[in-house]
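Since the structure comes first, as structure tokens, the remarks are kept for the end.
There are 2 protein chains.
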Amino acid sequence: MNELQARTRGSVHIIGAGLLGASIGLGLREHGIDVTLEDLSPTTVALAADYGAGRVRAAGDPSPALVIVATPPDVTADVVERALLSYPEAVVTDVASVKLAPFLELTRRGVDLTNYVGSHPMAGRERGGAIMARADLFVGRPWVVCRDRETPAEALALVEAVALDLGAVLLEMTPDEHDRSVGLVSHLPQVVSSLLAARLLPAPEQAIGLAGAGLRDTTRIASSDPELWVQILGANREPVVEMLDALAADIAAFTDALRDPAQPGAKRRIADLLAAGNSGVSRIPGKHGSSERFAVITVIVDDRPGQIARLLTELGELGINMEDLRLEHSPGAQIGFAEIAVLPEVAERAVADLTERGWRTL
Amino acid sequence: MNELQARTRGSVHIIGAGLLGASIGLGLREHGIDVTLEDLSPTTVALAADYGAGRVRAAGDPSPALVIVATPPDVTADVVERALLSYPEAVVTDVASVKLAPFLELTRRGVDLTNYVGSHPMAGRERGGAIMARADLFVGRPWVVCRDRETPAEALALVEAVALDLGAVLLEMTPDEHDRSVGLVSHLPQVVSSLLAARLLPAPEQAIGLAGAGLRDTTRIASSDPELWVQILGANREPVVEMLDALAADIAAFTDALRDPAQPGAKRRIADLLAAGNSGVSRIPGKHGSSERFAVITVIVDDRPGQIARLLTELGELGINMEDLRLEHSPGAQIGFAEIAVLPEVAERAVADLTERGWRTL
Numbered sequence: 001m002n003e004l005q006a007r008t009r010g011s012v013h014i015i016g017a018g019l020l021g022a023s024i025g026l027g028l029r030e031h032g033i034d035v036t037l038e039d040l041s042p043t044t045v046a047l048a049a050d051y052g053a054g055r056v057r058a059a060g061d062p063s064p065a066l067v068i069v070a071t072p073p074d075v076t077a078d079v080v081e082r083a084l085l086s087y088p089e090a091v092v093t094d095v096a097s098v099k100l101a102p103f104l105e106l107t108r109r110g111v112d113l114t115n116y117v118g119s120h121p122m123a124g125r126e127r128g129g130a131i132m133a134r135a136d137l138f139v140g141r142p143w144v145v146c147r148d149r150e151t152p153a154e155a156l157a158l159v160e161a162v163a164l165d166l167g168a169v170l171l172e173m174t175p176d177e178h179d180r181s182v183g184l185v186s187h188l189p190q191v192v193s194s195l196l197a198a199r200l201l202p203a204p205e206q207a208i209g210l211a212g213a214g215l216r217d218t219t220r221i222a223s224s225d226p227e228l229w230v231q232i233l234g235a236n237r238e239p240v241v242e243m244l245d246a247l248a249a250d251i252a253a254f255t256d257a258l259r260d261p262a263q264p265g266a267k268r269r270i271a272d273l274l275a276a277g278n279s280g281v282s283r284i285p286g287k288h289g290s291s292e293r294f295a296v297i298t299v300i301v302d303d304r305p306g307q308i309a310r311l312l313t314e315l316g317e318l319g320i321n322m323e324d325l326r327l328e329h330s331p332g333a334q335i336g337f338a339e340i341a342v343l344p345e346v347a348e349r350a351v352a353d354l355t356e357r358g359w360r361t362l
Numbered sequence: 001m002n003e004l005q006a007r008t009r010g011s012v013h014i015i016g017a018g019l020l021g022a023s024i025g026l027g028l029r030e031h032g033i034d035v036t037l038e039d040l041s042p043t044t045v046a047l048a049a050d051y052g053a054g055r056v057r058a059a060g061d062p063s064p065a066l067v068i069v070a071t072p073p074d075v076t077a078d079v080v081e082r083a084l085l086s087y088p089e090a091v092v093t094d095v096a097s098v099k100l101a102p103f104l105e106l107t108r109r110g111v112d113l114t115n116y117v118g119s120h121p122m123a124g125r126e127r128g129g130a131i132m133a134r135a136d137l138f139v140g141r142p143w144v145v146c147r148d149r150e151t152p153a154e155a156l157a158l159v160e161a162v163a164l165d166l167g168a169v170l171l172e173m174t175p176d177e178h179d180r181s182v183g184l185v186s187h188l189p190q191v192v193s194s195l196l197a198a199r200l201l202p203a204p205e206q207a208i209g210l211a212g213a214g215l216r217d218t219t220r221i222a223s224s225d226p227e228l229w230v231q232i233l234g235a236n237r238e239p240v241v242e243m244l245d246a247l248a249a250d251i252a253a254f255t256d257a258l259r260d261p262a263q264p265g266a267k268r269r270i271a272d273l274l275a276a277g278n279s280g281v282s283r284i285p286g287k288h289g290s291s292e293r294f295a296v297i298t299v300i301v302d303d304r305p306g307q308i309a310r311l312l313t314e315l316g317e318l319g320i321n322m323e324d325l326r327l328e329h330s331p332g333a334q335i336g337f338a339e340i341a342v343l344p345e346v347a348e349r350a351v352a353d354l355t356e357r358g359w360r361t362l
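Just so you know, the sequences run in chain order D and L. If you use UniProt numbering, the first sequence corresponds to residues 1 to 362, in order. If you use UniProt numbering, the second sequence corresponds to residues 1 to 362, in order.
Below is the structure:
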């Protein structure tokens with residue numbers, strides 16, 4: 001018996017058999033846990049069971065040590081409350097992408113939250129549903145676990161064990177900290193990207209034809225599912241509204257300075273806001289956008305199979321570790337550009353070595 | 001003698017020896033053109049000449065058939081006017097990233113613009129200067145050429161021949177069409193990305209730690225040079241202000257609907273704006289963001305040299321043509337994710353084949 005089997009007494013119940021619920025089920029079954037499933041939709045739960053995410057819960061099944069609520073965010077509080085009542089011995093967690101609203105709603109209803117630990121695995125896919133589920137959906141992704149002062153250590157440890165055993169990177173936050181954080185790094189960019197992309201709708205075709213990597217990057221997430229985002233944003237209204245107001249004030253200040261360049265200090269205000277953007281983006285960890293940490297080499301590649309593989313094989317032969325890679329393809333051209341991020345100290349040698357091997361770099 | 005040598009009578013003069021001027025010089029010299037250079041800074045022009053972009057123009061040099069003005073946008077009109085007066089037999093073009101403001105300023109001054117053809121090669125690098133110049137900077141990039149009714153066909157043909165011989169993709173627009181187009185696809189996203197990134201400045205470290213690909217994409221161009229952008233935006237004030245006002249109105253409508261969900265139709269208005277973003281982003285040509293055209297397969301890769309090359313080599317062996325590739329690295333994890341875009345019809349087979357070879361896909 002492994003540690004997770006011991007902690008869960010071998011049994012976990014999952015309510016909501018969509019992408020997240022079914023993925024957790026698949027992952028837990030790989031760890032030898034008996035997973036039972038339930039969903040409002042008999043079709044969904046049968047599909048998830050067929051898929052190997054667990055078995056449909058039946059009367060007489062033993063009481064689970066852990067219940068995981070993986071329903072859409074707008075019903076999370078209802079389902080958590082019901083789970084706490086139905087399984088009074090179990091720890092109940094949820095995976096909703098907002099954490100304060102369900103917590104406050106449960107508190108308002110006077111629900112005893114001793115056995116509740118809110119959590120948020122920051123994983124997803126463009127399409128949902130059990131059919132898209134993967135046991136390794138959470139591998140390497142942040143998984144936020146929310147505690148309050150009353151949360152018993154063993155309840156917290158149980159949820160954290162699940163997150164870690166599914167391969168996630170664990171982070172502890174309060175519900176408020178979580179919601180403000182995802183509001184800033186996920187919800188605000190989503191709204192901004194969507195509204196920027198919406199401005200492309202009335203544009204003439206020839207304008208769109210000049211689009212480059214900058215526009216593509218800033219609007220990529222604008223292709224997200226509107227229905228899901230109506231729910232997420234609605235459940236994290238307060239921080240998102242506050243951040244949108246702050247952004248709107250910055251846009252107004254910027255636009256006013258641009259509109260009337262004769263105002264004293266107008267250019268300076270524009271420059272200061274752009275410079276603040278420089279500083280803001282430099283705070284983001286990870287590979288993209290970290291222009292201070294990496295040097296980018298752009299290599300011209302023919303647009304045919306095997307070219308990128310050959311380039312990367314040669315980089316490996318040259319002992320150059322690539323930190324990031326992006327491809328860009330130009331309209332009307334038979335070539336593409338591979339943008340390779342490397343540590344600044346190897347950039348010069350990398351360009352020289354690649355050039356010697358016949359690659360064209362920009 | 002090649003066609004470009006014939007059209008230019010073998011001689012082109014470039015005013016402004018920074019990144020663009022020096023890159024054009026390098027490219028033209030590869031076509032056997034005698035390039036003369038001039039710059040306000042003796043150091044800059046000497047550096048560009050040493051770099052191979054041309055030779056410093058001297059008294060007694062033959063009159064050029066083409067003068068290319070590659071100065072910063074705020075002095076473009078002045079330099080073009082002077083060039084038209086100094087070289088009355090030559091066609092004069094410029095490479096400024098705004099086209100209407102210099103055109104209007106020259107018209108206002110009563111300058112005869114018969115020999116002037118405005119143009120804009122949409123190429124650049126994060127860092128400027130002759131030292132960053134490349135003969136192939138323009139390969140595969142859009143190069144907009146602006147004509148008006150008075151532009152003689154042979155003047156237009158000369159500038160277009162240069163653009164084509166440097167490998168660019170040619171587009172014809174009026175100055176107004178150009179400025180509105182780049183305002184939308186380049187200037188507006190720049191301001192939005194910068195102001196979004198500026199909102200990260202006051203955020204606590206733990207919030208930034210949850211940043212994912214969405215935030216990194218939307219803020220990547222926020223690391224651009226503020227000084228250059230103050231000039232560009234200042235010279236394209238009117239369309240950018242108009243678009244910022246329209247965006248601000250959308251943000252206000254969105255925020256109001258989110259702030260007060262009890263209003264009739266509030267959720268619908270939020271959903272409609274998000275859906276407009278879906279439609280807007282689907283108009284962008286090219287690889288990123290074109291989720292309707294391609295299926296994305298996410299492959300888990302170890303974060304060590306050679307893994308990506310091996311993956312791409314195997315994709316090549318499997319006969320799978322990759323349309324796009326992006327790497328994402330998770331904080332705290334020893335693995336990364338390679339997101340591979342393929343044609344939808346090969347996605348299923350690609351996943352099956354990769355899985356059979358031991359790759360883990362999400």
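In this text, a Cβ means the ideal position worked out from N, Cα and C, and glycines have one as well.
Interface residues of chain L facing residue i [CB-CB closer than 8 Å]
i                      : result
residue 198 of chain D : 250, 273, 276, 277, 279 and 280
residue 254 of chain D : 191, 195 and 244
Beta carbon of residue i nearer than 8 Å to that of residue j
i                      : j                      : result
residue 224 of chain D : residue 134 of chain D : no
residue 36 of chain D  : residue 68 of chain D  : no
residue 186 of chain L : residue 212 of chain D : yes
residue 56 of chain D  : residue 49 of chain D  : yes
residue 54 of chain D  : residue 32 of chain D  : no
residue 160 of chain D : residue 171 of chain D : no
residue 239 of chain L : residue 180 of chain L : yes
Pick from the options that is closest to residue i, judged by C-alpha positions
i                      : options                     : result
residue 231 of chain L : L:146, L:19, L:71 and L:42  : L:71
residue 165 of chain D : D:105, D:197 and D:141      : D:141
residue 177 of chain D : D:103, D:113 and D:256      : D:103
residue 154 of chain D : D:116, D:185 and D:188      : D:116
residue 300 of chain D : D:216, D:26, D:10 and D:337 : D:337
residue 221 of chain D : L:216, L:351 and L:181      : L:216
residue 197 of chain L : D:96, D:5, D:276 and D:21   : D:276
residue 352 of chain D : D:298, D:326 and D:10       : D:298
Chain D contact for residue i (CB, 8 Å cutoff)
i                      : result
residue 291 of chain L : With a pLDDT of 41 at residue 291 of chain L, under the threshold of 50, the modelled position of that residue is not reliable, and the figure given next carries that caveat. It does: the Cβ of residue 291 of chain L has a partner Cβ on chain D nearer than 8 Å.
residue 143 of chain L : no
residue 208 of chain L : yes
residue 57 of chain L  : no
residue 212 of chain L : yes
residue 220 of chain L : yes
residue 262 of chain L : no
residue 1 of chain L   : no
residue 285 of chain L : yes
residue 313 of chain L : yes
residue 223 of chain L : yes
Residue i classed as buried or exposed, judged by whether at least 16 other C-beta atoms fall within 10 angstroms
i                      : result
residue 47 of chain D  : buried
residue 354 of chain L : buried
residue 2 of chain D   : exposed
residue 85 of chain D  : exposed
residue 201 of chain D : exposed
residue 295 of chain D : buried
residue 30 of chain L  : exposed
residue 18 of chain D  : buried
Partner residues on chain C for residue i, Cβ-Cβ distance less than 7 Å
i                      : result
residue 322 of chain D : Protein chains D and L are contained in the structure displayed, whereas chain C is not.
Closer than 7 Å at the beta carbon, the chain L residues around residue i
i                      : result
residue 241 of chain D : 255, 258 and 259
residue 99 of chain D  : What residue 99 of chain D touches in chain L: nothing, since even the nearest Cβ is about 12 Å away.
Closer than 9 Å at the beta carbon, the chain L residues around residue i
i                      : result
residue 148 of chain D : Simply none; closest approach about 17 Å.
Chain D contact residues for residue i, given Cβ-Cβ distances below 8 Å
i                      : result
residue 227 of chain L : 271
Residue i at chain L interface by Cβ criterion, 8 Å
i                      : result
residue 410 of chain D : Only positions 1 to 362 of chain D appear in this structure, which leaves residue 410 of chain D out of reach.
residue 345 of chain D : no
residue 203 of chain D : yes
residue 359 of chain D : no
Beta-carbon neighbours of residue i, restricted to chain D and to distances below 7 Å
i                      : result
residue 134 of chain L : 362
residue 44 of chain L  : Residues of chain D passing the Cβ test: none, with the nearest at roughly 21 Å.
Cβ-heavy atom distance, residue i to the ligand SAM, below 7 Å
i                      : result
residue 359 of chain D : Among the components modelled here there is no ligand, and therefore nothing to report on the ligand SAM.
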